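Chemist: Below is a structure I'd like to ask you about.
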Amino acid sequence: MGNRSRPQPVIAVVGPTAAGKSELSLRLAHVLDGEVINADSMQLYRGMDIGTGKLTFAERGGVPHHMLDIWDVTETASVSEYQRLARAVIADVQRRGRIPILVGGSGLYVRAAIDNLEFPGTEPALRARLEAELAALGPAVLHGKLAAADPAAAAAILPTNGRRIVRALEVIELTGRPFSATLPEYASLLPAAQLGLSVPRPDLDLRIAARVSKMWRDGLVDEVRRLADRGVHGGLRAGRTASRALGYAQVLRFLDGEWTRAEAEDQTVRLTRRFARRQESWFRRDPRVHWLSAAKPVSTRLALAVIGDSAASGG
């Protein structure tokens, strides 16, 4: 991979849920002497293991993994904090002459790690006012306000995603600029080769259904129950971000008696399929991503060739 006296470029393995990112990243790490850096926003939470598809220590095959289990489930996700921590890890891996392999399907977190993004701060009083409006009026009304102020941002945020709508409106008021303007053109701050894994939609839908079924069999309900029953800081239900994670939100409704177990599982499959389409759409907009067919496991040789070509062309 070139001269070890220079920092090694970041390899990013991205794409939708169930595309095979973790498996490919492990093979690349073994061949390239790499270390994996998590870019899945829900794997940042301690105890959220089964429902996020987090690899066990045994499954990691001796490959060092970073940016896992750093937050309690009661903490609200902060992409700016992730950016600070992830870049420090990347720099440390590079200093040791190893290759950082960024892996995950959270597109904003991937860009936060490698791109020249700056995230506006927050203003507690403004945030509290917007959250009160959300509680009183509902996300659809606030989404309408966002559409009037920033159509591009509204098109990228689901009308049901109250947390992201509030954040977009907050940034608009704080900066006087559209929220969409805070995401600049695609320009890497860190040299990177990005591999996108693409799976035909019918195959991906089947994989997602199989993955959700396995999560239920492996004890997702018990995992959510343990996280929800922790009394010290309020547990999972007290977490504005973690409690809304796919699978976890649906199991909470099952535990609260709103849905049957089958309904909770079916809703998880349906919403995960929808989320996977949004993930792929996000990454498809980035012209720097080199797409590989992952209908079958991507060959290591092909992935290495794409990485080499990307390095030769400068990204």
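Heads up, the sequence shown is in the working numbering, so the first residue is 10 and it goes up one at a time.
All C-beta atoms, glycine included, are put in the ideal place defined by N, C-alpha and C.
Just so we're clear, the structure is a prediction, and the values are computed from it rather than from any experiment.
Look at the alpha carbon of Pro-16 and the alpha carbon of Pro-109, and state the distance between them as a whole number of angstroms.
Modeler: Counted from its first residue, the sequence shown places residue 16 at position 7. Counted from its first residue, the sequence shown places residue 109 at position 100. Answer to the nearest angstrom: the Cα atoms are 10 Å apart.
Chemist: Keeping to the same chain, check which residues put their C-beta closer than 7 Å to that of Gly-243; ignore five residues upstream and five downstream.
Modeler: The residue you call residue 243 lines up with position 234 of the sequence shown. So the list reads Thr-83, once near-sequence residues are dropped.
Chemist: If you draw a straight line from the C-alpha of Glu-140 to the C-alpha of Met-57, how long is it?
Modeler: By one-based count along the sequence shown, residue 140 stands at place 131. By one-based count along the sequence shown, residue 57 stands at place 48. Their Cα atoms are separated by approximately 26 Å.
Chemist: Which of the three DSSP states is assigned to Gly-317 in this structure?
Modeler: Here the question's residue 317 lines up with position 308 in the sequence shown. DSSP places Gly-317 in helix when its eight states are reduced to three.
Chemist: Are the CB atoms of Val-307 and Gly-106 within a distance shorter than 8 Å?
Modeler: Residue numbering aside, residue 106 sits at position 97 when the sequence shown is read from its first letter. Residue numbering aside, residue 307 sits at position 298 when the sequence shown is read from its first letter. Contact flag unset, no.
Chemist: Can you give me the C-alpha to C-alpha distance between Arg-262 and Ala-271, rounded to a whole angstrom?
Modeler: Locating residue 262 in the sequence shown gives position 253, where the first residue counts as 1. Locating residue 271 in the sequence shown gives position 262, where the first residue counts as 1. So the two alpha carbons sit approximately 12 Å from each other.
Chemist: With DSSP as the reference, label Gln-203 as helix, strand or coil.
Modeler: Within the sequence shown, residue 203 is the residue found at index 194, counting from 1. The answer is strand: DSSP assigns Gln-203 an E or B state.
Chemist: Which residue wins for smallest C-alpha separation from Leu-135, given the options Ala-161, Glu-179, Val-112 and Arg-120?
Modeler: Position 126 of the sequence shown, counted from the first residue, corresponds to residue 135. Nearest C-alpha to Leu-135: Glu-179.
Chemist: Could you round the C-beta distance between His-299 and Leu-204 to whole angstroms and report it? I think they count as a contact, below 8 Å.
Modeler: Taking the sequence shown and counting its residues from 1, one reaches residue 299 at position 290. Taking the sequence shown and counting its residues from 1, one reaches residue 204 at position 195. Under the criterion of beta carbons closer than 8 Å, His-299 and Leu-204 qualify as touching, at roughly 6 Å.
Chemist: When burial is assigned at 16 or more other CB atoms within 10 Å of the CB, is Leu-37 buried or exposed?
Modeler: Here residue 37 corresponds to residue number 28 of the sequence shown, with the count starting at 1. It is buried - the Cβ of Leu-37 has at least 16 other Cβ atoms within 10 Å.
Chemist: Any idea what DSSP makes of Leu-311, helix, strand or coil?
Modeler: As a position in the sequence shown, residue 311 is number 302, starting the count at 1. Leu-311 falls in the helix class under three-state DSSP.
Chemist: My output table needs one value for Pro-109: the three-state DSSP class, helix, strand or coil.
Modeler: Along the sequence shown, read from residue 1 onward, the residue named residue 109 stands at position 100. Strand, per DSSP.
Chemist: Three or more C-beta pairs closer than 8 Å, one from the region 37 to 56 and one from the region 97 to 105: is that the case here?
Modeler: Because the criterion of three Cβ pairs below 8 Å is met, the region 37 to 56 and the region 97 to 105 touch.
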